[in-house]
């Protein structure tokens, strides 16, 4: 059966027992909501491809290489991984998926990296944007967590967290916590910290977008070479790696400044509509 031109399926790849695949949950919801806002039929699934739809895959790097021939020919790989020449992408099976199928990418920097690869389809920039479906975390009456960080750790990230603790702040580190349980911690946090894992200097909008949609004060690592939307650059609290601790201390202690960043971040991001970014690539 020929896929319906107006039918889409947002597929999350969730290997059994791999909790971190849930990191894409809110992105999948926002993308599906954006497609729906444009008047298209859209469903969501886990690990299930609908042959009667255009399947938009999140987390395709978690697919086993030998499944590549099982995917419908019109599958779309929506990439949120940071791509660089020293990265795992160069030798992984994920590269084969991206070379065969249509690629959407949230980062213009990633698209530049893909130039020169033997891709069957020209990759498309489809940035992450706002949908009302993402705004759902109520403000906690008591914000007893000074700084929240969630995600993988390495030496550079742990050093900042340890320095913040040494400065007397209540720092909460979450790993493998998603959904409503993580949202409860977000509500209790004065500041959510975003730090680079790699030195690619790509702004981690995939990590930050959900926070901005819920009016959270985000302190994000930023360097002059960091690739970032100009509107967000003006609306977020930004600091270089060496300045993160001081900036965090100031933001935690200054309620007025923190509230201003909460509002500015939401105002900027809520103008970046997911539906607007999707419209040029939907049929």
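In the numbering used here, the protein residues as written are -3 to 279.
The C-beta atom is built at its ideal place from N, Cα and C for all residues, glycine as well.
- Counting along the chain, residue 22 sits inside the alpha helix (DSSP H) bounded by residues 21 to 33.
- Our two residues, residue 77 and residue 136, have alpha carbons roughly 32 Å apart in a direct line.
- Below 8 Å, too few C-beta pairs join the segment 144 to 151 and the segment 119 to 134 to call them touching: fewer than three.
- Boundaries of the alpha helix (DSSP H) harbouring residue 162: 151 to 162, taken from the DSSP string.
- With a cutoff of 8 Å on beta-carbon distance, residue 183 and residue 231 are scored as not near each other.
- For residue 252, the number of other beta carbons within 10 angstroms of its own is below 16, and it is reported as exposed.
- With a 10 Å radius around the Cβ and a threshold of 16 neighbouring Cβ atoms, residue 55 comes out buried.
- In this structure, the alpha-carbon of residue 72 lies about 26 Å from that of residue 193.
- Between the segment 239 to 246 and the segment 94 to 101 there are fewer than three inter-stretch CB-CB distances shorter than 8 Å, so the stretches are not counted as touching.
- For residue 272, same chain residues with a beta-carbon under 7 Å away, outside a window of 5 residues either side, are 125 in chain order.
- In the three-state reduction of the DSSP assignment, residue 185 falls in the strand class.
- Residue 142 is classed as buried because its beta carbon has at least 16 other beta carbons within 10 Å across all chains shown.
- With distances taken between CA atoms, residue 131 lies nearest to 207 out of 105, 207, 222 and 152.
- Taking C-beta separations shorter than 7 Å and ignoring five residues to either side along the sequence, the partners of residue 104 in its chain run 121 and 223, following chain order.
- The Cβ atoms of residue 79 and residue 106 lie closer than 8 Å to each other.
- Taking a C-beta distance under 8 Å as the contact criterion, residue 202 and residue 23 qualify as a contact pair.
- Beta-bridge annotation (DSSP): residue 3 is paired with 37.
- Ranked by Cα distance from residue 179, the first of 211, 59 and 45 is 211.
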